[in-house]
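Enquirer:
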Amino acid sequence: ISKNFEEVMQFLTKVPLLKRLPREYHPLLAQACVKQDFEFGRVVISQGDAGSEFFVIKSGTAVVKVEKPGSPPSNVATLTTGDYFGEGSLLKDQPRAATIIAETRLCTIKVTRQKFQELGLHKHL
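The sequence shown begins at 17 in the numbering used here and counts up by one.
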């Protein structure tokens, strides 16, 4: 087993949403995860877009912006290590509820809805 796999497994057990997943599914989820980095200022996801990926932040920070009709986008939160986003798209096939922008170099691990469902993980959350 690779060091990276062990690292991802350890990291995922600390994510609140994924703690509800039975332990025997953690290795499957860890194998399905892909590392993806974003540079400062990069838009990771955009509000209103169809989404098919769930992200967990390994390091860095990101700002959450929400746009309401007739108003400019406003910052509603800052996300950091261990925080996650995209769960609405992963679990319920909902459009993105916010825009996420990397505030620093952002290192994430992601899993696609297709892979999540292929492994049957959606039935356990």
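We put the beta carbon where it would ideally sit given N, CA and C, even for glycine.
Mapping DSSP to helix, strand and coil, what is Phe56?
Expert: coil
Enquirer: Under DSSP, the alpha helix (DSSP H) around Ser105 begins and ends at which residues?
Expert: 103-108
Enquirer: Taking all protein chains shown into account, do 16 or more other C-beta atoms lie within 10 angstroms of the C-beta of Phe21, making it buried, or fewer, making it exposed?
Expert: exposed
Enquirer: Are the beta-carbon atoms of Val92 and Lys81 separated by less than 8 Å?
Expert: Yes. Within cutoff.
Enquirer: Considering only residues of the stretch 40-85, which uninterrupted alpha helix (DSSP H) runs meet the minimum length of 4 residues and lie entirely inside it, listed in chain order?
Expert: 42-48
Enquirer: Short check: CB of Val127 to CB of Ala48, under 8 Å?
Expert: yes
Enquirer: For Val59, which residues from the same chain have a beta carbon less than 7 Å from its beta carbon, with the 5 sequence-adjacent residues on both sides left out?
Expert: Cβ within range, chain order: Thr115, Ile117.
Enquirer: Alpha carbon to alpha carbon, how far is Phe27 from Gly76? Give it in angstroms, no decimals.
Expert: 15 Å
Enquirer: Can you give the Cα-Cα distance for Gly86 and Glu23, rounded to whole angstroms?
Expert: Computed Cα separation, rounded: 44 Å.
Enquirer: Which term fits Ser90, buried or exposed, when burial requires 16 or more other beta carbons within 10 angstroms of its beta carbon?
Expert: Residue burial is scored here from C-beta neighbours: Ser90 has fewer than 16 other C-beta atoms within 10 angstroms and is therefore classed as exposed.
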